Amino acid sequence: METVVSGIRPTGHLHLGNYFGALRNFTKMQHEHHCFFFIADYHSLTTHPTPEDLHGNIKNVLAEYLAAGIDPEKATLYIQSDVPETIELYLFFNMNAYIGELERCTSFKEKIRKQPANVNAGLLTYPTLMAADILIHRATKVPVGKDQEQHLEMTRTFGNRFNRMYGVDFFPEPQAFNFGEELVKVPGLNGSGKMGKSEGEGNAVFLADEPEVIRKKLMRAVTDSGPVEPHQVKPEAIENLFDLLKLVSKKDTLDYFEDQYNQCSIRYGDLKKQLAEDMILFTAPFRDRIKSLLSDDAYLKKVSSEGRDKARESAAKTIAEVRNIIGFKSF
Ligand code: TYM
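Using this note's numbering, the first residue of the sequence shown is number 1, and each one after it goes up by one.
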């Protein structure tokens, strides 16, 4: 049995990218491993949410985790800011992280480009906080999407550096995990890149979206004027729609549109309508459960406080040993 840790930032509702990249694997892994799944609310502070938004988003994500099938009796489900031991480990890792390596991190460089007016130190040290999240439970497996690969590499660097520095074999080398398969990158609806909340309005389909909203988003999804030669290579925006069909539609549906594409008789309007209906069917059970969980404050409170206690117990053990290794000893 391995120790598993993963988290998702509460920046709004969870989308299909979060689901297929991470959450789906959380629900599978909880049966076989010792799992800690958390809501990365400290991380979300880099974008300066209002207190109301922060609280509302944490509640949404908690309900969405549970609606997706995380069983709090099996996995430890907690809110990152309920486990302040994480912050102490973050501080220790920051002492041994080099500015240069943090500045070279791809996600940091992307943030500088996208939000030059808010390049805060929290963004720079995002990888050390993430390493602390993972290593506070000394995890070996981390179910994440493809975009998190480099952060995992940095987590191993910080853990190994600590081990070397103090001559110990304390932190393991956690690996990104997707059941032996390539890590996933779910595309968005705007023609390029990945599904994500910060990638523009309408790019992401949320688990909680109402059917009408999903239909509207799909109608606006980017396509082109269609293939002109049989078996033409698909441009990125079209490949993306096919990738989404692969995730939520039946194989027959996918084969049908592949054929239509290859024969140059495809009507993208039909493909988008079908994809919308398949996404609506796929998300329906989540949508209903999310609604009922959001109205059950007593249950959400129980889950988060039990999760906090279990997570703190594990984190406190790690921190006690780390303090001892570093030389913070009592007289
Ligand atoms: P975040 O909140 O951006 O995304 C949460 C998880 O969803 C995955 N994901 C995707 N996977 C495939 N295709 C997509 N379009 C897509 N969009 C999002 C992400 O890969 C991620 O697994 N840094 C993390 C949160 C975090 C964390 C951690 C994760 C903080 N501490 C410790 C694991 C372990 C993040 O920003 O994810």
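Positions of the beta carbon are idealized from the N, C-alpha and C atoms, including for glycine. The model shown is predicted, which means the values in this text are computed figures rather than measured ones.
Quick one: using the 10 Å Cβ neighbour count with 16 as the cut-off for buried, is Thr128 buried or exposed? By the 10 Å Cβ count, Thr128 comes out buried.
I'd like to confirm something about Gly100: is its beta-carbon nearer than 7 angstroms to some heavy atom of the ligand TYM, or not? Relative to the ligand TYM, the beta carbon of Gly100 is positioned no closer than 7 angstroms to any heavy atom.
Bounding residues of the alpha helix (DSSP H) (the contiguous stretch that carries His34): Where His34 is concerned, there is no enclosing alpha helix (DSSP H), although the beta strand (DSSP E) around it starts and stops at 34-39.
In angstroms, rounded to a whole number, what distance separates the CA positions of Asp309 and Phe286? About 27 angstroms.
Just curious, the beta strand (DSSP E) that Thr76 is in, first and last residue? In the DSSP assignment, Thr76 falls within the unbroken beta strand (DSSP E) covering 76-79.
Whether Ile319 touches Leu89 by CB criterion (8 angstroms): Yes, the pair counts as a contact, with Cβ atoms nearer than the cut-off.
Please classify Met195 as buried or exposed, where buried requires at least 16 neighbouring CB atoms within 10 angstroms. A residue is called buried when at least 16 other Cβ atoms come within 10 angstroms of its Cβ; Met195 meets this threshold and is buried.
Enumerated in chain order, which unbroken segments of the beta strand (DSSP E) with a length of 3 residues or greater are wholly contained in the segment 175-230? Entirely contained in the segment 175-230, the beta strand (DSSP E) runs reaching 3 residues are, in chain order, 175-177.
Considering only C-alpha positions, which residue in the set Val303, Ile112, Ala316, Lys329 is nearest to Thr339? The structure shown does not extend to residue 339, since the chain is modelled only from 1 through 331, so no value can be given for it.
Provide the residue(s) that pair with Ile8 in DSSP beta bridges, ordered along the chain. Answer is Ile39.
Around the Cβ of Phe162, are there at least 16 other Cβ atoms within 10 angstroms (buried) or fewer (exposed)? Looking at its Cβ environment, which holds 16 or more other Cβ atoms inside 10 Å, Phe162 is buried.
I need the straight-line Cα distance from Ala208 to Leu91, nearest angstrom please. Their Cα atoms are separated by approximately 36 angstroms.
Let's see if you can read the secondary structure: which residues bound the alpha helix (DSSP H) around Val322? For Val322, the enclosing alpha helix (DSSP H) has its first and last residue at 297-326.
From Lys337 to His15, what does the alpha carbon distance come to, in whole angstroms? It is not possible to answer for residue 337, since the shown part of the chain is limited to 1 through 331.
Does the distance from the C-beta atom of Leu183 to that of Lys146 stay below 8 angstroms? Yes.
Unbroken beta strand (DSSP E) run spanning Leu142, endpoints: Note that residue 142 is Val in the sequence shown here, rather than Leu. Counting along the chain, the beta strand (DSSP E) containing Val142 begins and ends at 141-143.
Which residue or residues does DSSP assign as beta-bridge partners of Thr3? His34.
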